[in-house]
Each structure stands twice: as structure tokens, then as C-alpha cells.
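Sequential numbering from 1067 applies to the sequence shown in my numbering. By construction, the Cβ of each residue, glycine as well, lies at the ideal position given by its N, Cα and C atoms. It should be emphasised that the depicted structure is a prediction, and the values quoted were computed from it without experimental measurement.
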Amino acid sequence: MAARVDLLAVGSLHRDLSPAARHYLDLLRPLMTVRVREIKEVSLRGRAEAEVLREEGRRLLAAWPQAPVVFALAADGEALDSETFAKRLQLAFERGGAGFVIGGSLGMAADVRARASDVLSLSAFTLPHQLARVVLLEQLFRAGKILRGEPYHH
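Right under this line is the structure:
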């Protein structure tokens, strides 16, 4: 089983969120290999929102994860509980690995969503894209513990 995750996100994490992301990446190290790649966020200054979405979408598609199963994250995606997410992740690992794509502050272009194997939601709340990355890392950690049969409630 290839417990590999390729996380592709728009923009760099804000310095206030970086310690939380590093914390979960450290916790994940014994559970799975996680590679995080970032594409440059497109400035809204002087541009229409549709143009920004299109350009960020082009960049995401150009850097698309090599994993056989790629999940796009969006507010209106399928909501899963932690146990079901862990099972979905296990199936992706059995196929060779999982990819996750997080759009920018405006969301994700339709062609990016269409290329994904599935579209998932992390919460019924709308989350800022940078916070969504930290929440995803935490859920990956929780899923890794579930898949090992270890306690995951703290």
C-alpha cells in the first residue's frame, strides 16, 4: 500500500498558520508521506474574478498531482465523517496514492473540479483556503490513526 499524499494548493500559507501546518506534517510523518506544493496566487488587483479563477485553474491543472485518485476540496463538495474519509483515503492508497487540490480565495475553476476524481467538503462552514489546508492536514492525521486502529480522539 502506497500511503502517499500529494497536496496542491493555491498560495503560500500565512505565517500565523504555518506552525499549525508544520505540526500536523510532523505528526503525519510516521503515518504517510505528504508532499505539499504551492502555486502562486493570482492578484485580484485590476482583474475580473473570472480571469483570476481561470488563471489559477490553468496553474493548478499544469501542476496536477500525479496520484491516481485526486480530490478537489470545495465548500459544496461531498461531506464525509472522519471514518468515511479514512476509508476513502485507504482506497486511494490501495490504488497508488491520493492527491488533494485546494483552490484560492475565490474557489476553484469548473475545469479543475471536473478533472478531480471527486469533490469533497471539509465543513459545512465556508473556510478560508489557507485554513482549509490546516484542517485537511489534521484530517489526514486523524485518518492515518483510524487506518492503524489507533485512538484518534483527543
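How many angstroms separate the CA atom of residue i from the CA atom of residue j?
i     : j     : result
T1192 : A1141 : 6 Å
L1094 : A1069 : 11 Å
E1166 : S1183 : Note that residue 1166 is Phe in the sequence shown here, rather than Glu. Going from the Cα of F1166 to the Cα of S1183 covers about 10 Å.
V1118 : L1110 : 7 Å
S1078 : L1139 : 17 Å
R1113 : R1181 : 25 Å
S1187 : G1143 : 4 Å
My output table needs one value for residue i: the three-state DSSP class, helix, strand or coil.
i     : result
L1188 : coil
D1092 : helix
E1115 : helix
D1072 : strand
A1147 : It is Asp, not Ala, that sits at residue 1147 in the sequence shown. If DSSP states are grouped into helix, strand and coil, D1147 belongs with coil.
D1177 : helix
E1160 : helix
L1139 : strand
Is it right to say residue i is buried, meaning 16 or more other beta carbons lie within 10 angstroms of its own, or is it exposed?
i     : result
H1080 : exposed
L1206 : buried
P1217 : exposed
A1198 : buried
L1202 : buried
A1152 : buried
H1219 : exposed
A1175 : buried
G1173 : buried
G1162 : exposed
L1210 : What sits at residue 1210 in the sequence shown is Gly, not Leu. The residue in question, G1210, is buried, as its Cβ has 16 or more Cβ neighbours within 10 Å.
Spatial neighbours of residue i within its chain, please: C-beta separation below 8 Å, excluding the five flanking residues on both sides.
i     : result
M1101 : First, the residue type needs correcting, since residue 1101 is Arg and not Met in the sequence shown. Once the five neighbours on either side are set aside, the close Cβ partners of R1101 are R1070, V1071, D1072, L1073.
L1157 : V1135
D1177 : G1123, L1127
Y1090 : V1200, L1203, E1204, L1206, F1207
Using a Cβ-Cβ cutoff of less than 6 Å, which residues in the same chain neighbour residue i once the five nearest sequence positions on both sides are dropped?
i     : result
V1076 : I1105, E1107, E1122, G1169, G1170
R1208 : S1148, Y1218
V1200 : L1083, A1086, A1087
Identify, in the order they occur along the chain, each residue of the same chain with its Cβ nearer than 7 Å to the Cβ of residue i, setting aside the five sequence neighbours on each side.
i     : result
A1190 : A1145
Check whether the stretch 1101-1120 and the stretch 1135-1151 are in contact - that is, three or more C-beta pairs closer than 8 Å.
no
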